[in-house]
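The structure appears below as structure tokens.
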Amino acid sequence: MPLARSQMMAVSDPFADASDEDLLLAFAGGDPRAAEVLTLRLLPRILAQAIRMLANKTEAEDVAQDAMLRLWRMAPDWRQGEAQVTTWLYRVVANLCTDRLRKRRHVALDLVAEPLDSAPSVAAQIQTRARLRALSDALAQLPERQAQAVALRHLEGLSNPQIAAIMDISVTSVESLTARGKRALAAIMAGRKAELGYDDDEPT
Amino acid sequence: MTMTNPPDDMLDDLFATARAVTLPPDDALIARVLADAARPLPPRHVKEPLLVQLRAMIGGWPAFGSLAAATVAGVWIGIAPPPVVEDYALSLLGDTVNIGLFSDDFLTETGEPTDG
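Here the protein sequences line up with chains A and B, keeping their order. The C-terminal position of the first sequence is numbered 203 in numbering that gives the first Met the number 0, with every residue numbered one higher than the one before it. The C-terminal position of the second sequence is numbered 115 in numbering that gives the first Met the number 0, with every residue numbered one higher than the one before it.
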């Protein structure tokens with residue numbers, strides 16, 4: 000376990016039972032420990048959301064930092080009880096990711112070598128990386144709202160009512176967006192099936 | 000394309016692969032985030048009261064003082080002009096001239112107003 004994190008956790012946590020909102024308000028009130036606890040709680044999830052959509056470590060880290068920065072800046076204006084901090088962050092990260100994907104549409108593919116945990120072999124790792132990047136690039140070709148709805152539904156595994164709250168639309172709109180988005184993704188990905196190894200057996 | 004592996008199966012597999020991806024934040028990223036949190040908030044663009052805006056516009060409190068002094072002096076000179084001002088004004092204007100808006104000349108030149 001890295002040093003900084005273990006050091007942070009070694010301090011007895013006075014915020015153990017505090018909600019994210021309580022912590023945010025404590026941070027806005029000038030308590031720096033609240034920022035540490037919030038970071039440890041929220042950063043892993045938003046980084047995971049970003050890496051799933053972007054399939055690029057550097058970009059995902061930048062998005063995660065940017066999302067947390069927006070949280071810090073917004074803290075003094077947070078209106079209690081109006082929304083959940085996690086809902087707000089899902090929305091911010093989804094927006095930041097589709098911003099990045101939009102810029103990617105006109106840029107050549109850059110398959111940066113990134114470590115992936117617990118992959119069985121180098122060949123499988125390479126293929127997994129190529130597949131995730133292909134999925135991310137396909138998301139980049141969708142209209143942004145469709146890409147966000149599909150990612151929240153199928154990459155984050157959220158329910159339609161949760162997605163509706165995050166995107167501030169009706170559940171019916173979520174269903175429509177995810178259905179159209181998934182159809183569009185299937186059409187885009189169909190052309191890359193062989194290239195991504197879906198016609199053959201999985202590499203060992 | 001084989002029927003045993005339609006695009007939807009591929010998509011579902013891709014989604015599952017993506018869902019399994021985790022990337023624990025490393026210490027460098029945590030440090031970046033906490034450094035942002037420790038930075039003071041940027042100044043907020045709150046609309047300032049009118050007096051504060053006016054003060055900034057004319058150049059602070061000293062300018063306000065001069066402006067007030069000049070205003071008071073002007074009012075005072077209007078009420079009770081010192082002799083030197085009175086003499087100077089008279090030398091510029093000369094004799095008093097009266098201009099009537101509805102002078103007799105005006106009426107006679109255009110003829111008597113008649114009722115339509």
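For each residue, glycine too, the CB sits at the ideal point set by N, CA and C.
Spell out whether any CB of chain A is found under 7 Å from the CB atom of residue i.
i: residue 69/B; result: no
i: residue 121/B; result: The structure shown has nothing for residue 121/B, since chain B only spans 0 to 115.
i: residue 51/B; result: no
i: residue 9/B; result: yes
i: residue 19/B; result: no
i: residue 84/B; result: no
i: residue 36/B; result: yes
i: residue 142/B; result: As shown, chain B starts at 0 and ends at 115. That puts residue 142/B outside it, with no answer to give.
i: residue 66/B; result: no
Looking at the structure shown, is residue i part of a helix, part of a strand, or coil, going by DSSP?
i: residue 150/A; result: helix
i: residue 65/B; result: helix
i: residue 103/A; result: helix
i: residue 57/B; result: helix
i: residue 189/A; result: helix
i: residue 160/A; result: helix
i: residue 75/A; result: helix
i: residue 196/A; result: coil
i: residue 55/A; result: coil
i: residue 26/A; result: helix
i: residue 115/B; result: Bear in mind that a pLDDT of 44 at residue 115/B, under 50, signals an unreliable position, so the model cannot answer this.
i: residue 129/A; result: helix
i: residue 80/A; result: coil
i: residue 15/A; result: coil
i: residue 175/A; result: helix
i: residue 23/B; result: coil
i: residue 167/A; result: coil
i: residue 50/B; result: helix
i: residue 60/A; result: helix
i: residue 110/A; result: Reliability fails at residue 110/A, whose pLDDT of 48 lies under 50, so the model's placement of it is uncertain and the value that follows must be treated cautiously. Residue 110/A falls in the coil class under three-state DSSP.
i: residue 70/A; result: helix
i: residue 35/A; result: helix
i: residue 143/A; result: helix
i: residue 118/A; result: At residue 118/A, the pLDDT of 49 sits below 50, so the modelled position is not reliable; the number obtained from the coordinates is stated separately. Three-state result, residue 118/A: coil.
i: residue 89/B; result: helix
i: residue 40/B; result: coil
i: residue 43/A; result: helix
Confirm, please, whether the CB-CB distance from residue j to residue i is below 7 Å.
i: residue 130/A; j: residue 13/B; result: yes
i: residue 34/A; j: residue 92/A; result: no
i: residue 85/A; j: residue 147/A; result: no
i: residue 89/A; j: residue 9/B; result: no
i: residue 170/A; j: residue 163/A; result: yes
i: residue 168/A; j: residue 137/A; result: no
i: residue 184/A; j: residue 17/B; result: no
i: residue 27/A; j: residue 66/A; result: no
i: residue 57/A; j: residue 32/B; result: no
In chain D, which residues lie less than 9 Å from residue i when you measure between Cβ atoms?
i: residue 125/A; result: Reference to chain D is not applicable here, since the protein chains of this structure are A and B.
Round the Cβ separation of residue i and residue j to the nearest angstrom and send it over; I've been treating them as touching at under 8 Å.
i: residue 135/A; j: residue 52/A; result: 6 Å
i: residue 176/A; j: residue 145/A; result: 5 Å
i: residue 195/A; j: residue 122/A; result: Incorrect: roughly 13 Å between the Cβ atoms, too far for contact.
i: residue 42/A; j: residue 24/B; result: 5 Å
i: residue 13/A; j: residue 37/B; result: Wrong, their Cβ atoms sit about 19 Å apart, outside the cutoff.
i: residue 84/B; j: residue 76/B; result: 6 Å
Any Cβ of chain B within less than 7 Å of the Cβ of residue i?
i: residue 78/A; result: no
i: residue 20/A; result: no
i: residue 168/A; result: no
i: residue 111/A; result: Any reading at residue 111/A must be qualified, since the residue scores a pLDDT of 49, below 50, and its modelled position is unreliable; the value itself is stated next. It does not; no Cβ of chain B falls within 7 Å.
i: residue 118/A; result: Because the pLDDT of residue 118/A is 49, which lies under 50, any placement of that residue in the model is unreliable, and the number read from its coordinates should be weighed accordingly. No, residue 118/A lies away from the interface with chain B (no Cβ there is under 7 Å from its Cβ).
i: residue 165/A; result: no
i: residue 45/A; result: no
i: residue 64/A; result: yes
i: residue 89/A; result: no
i: residue 73/A; result: no
i: residue 174/A; result: no
i: residue 38/A; result: yes
i: residue 60/A; result: yes
i: residue 68/A; result: yes
i: residue 222/A; result: This structure leaves residue 222/A out entirely; chain A is present only between 0 and 203.
i: residue 151/A; result: no
i: residue 95/A; result: no
i: residue 99/A; result: no
i: residue 132/A; result: no
i: residue 34/A; result: yes
i: residue 104/A; result: no
i: residue 185/A; result: yes
Tell me whether residue i, by its Cβ, gets closer than 6 Å to a heavy atom of the ligand SAH.
i: residue 81/A; result: Absence of the ligand SAH is noted for the structure shown, with no ligands found whatsoever.
Requested in this report: Inspect the CB distances between the segment 167-181 of chain A and the segment 138-155 of chain A and report whether three or more fall short of 8 Å.
Outcome: Here the segment 167-181 of chain A makes contact with the segment 138-155 of chain A; the two share three or more CB pairs at distances below 8 Å.
Query raised in the report: Does the pairing of the segment 57-73 of chain A with the segment 52-69 of chain B give three or more beta-carbon distances under 8 Å?
Result: In short, these stretches do not touch, since the Cβ pair count stays below three.
Query raised in the report: Hey, is the segment 30-47 of chain A in contact with the segment 9-29 of chain B, meaning 3+ C-beta pairs nearer than 8 Å?
Result: Verdict: yes, contact present.
Query raised in the report: Between the segment 22-32 of chain A and the segment 66-80 of chain A, do at least 3 Cβ pairs fall closer than 8 Å?
Result: Enough Cβ pairs lie closer than 8 Å, so yes.
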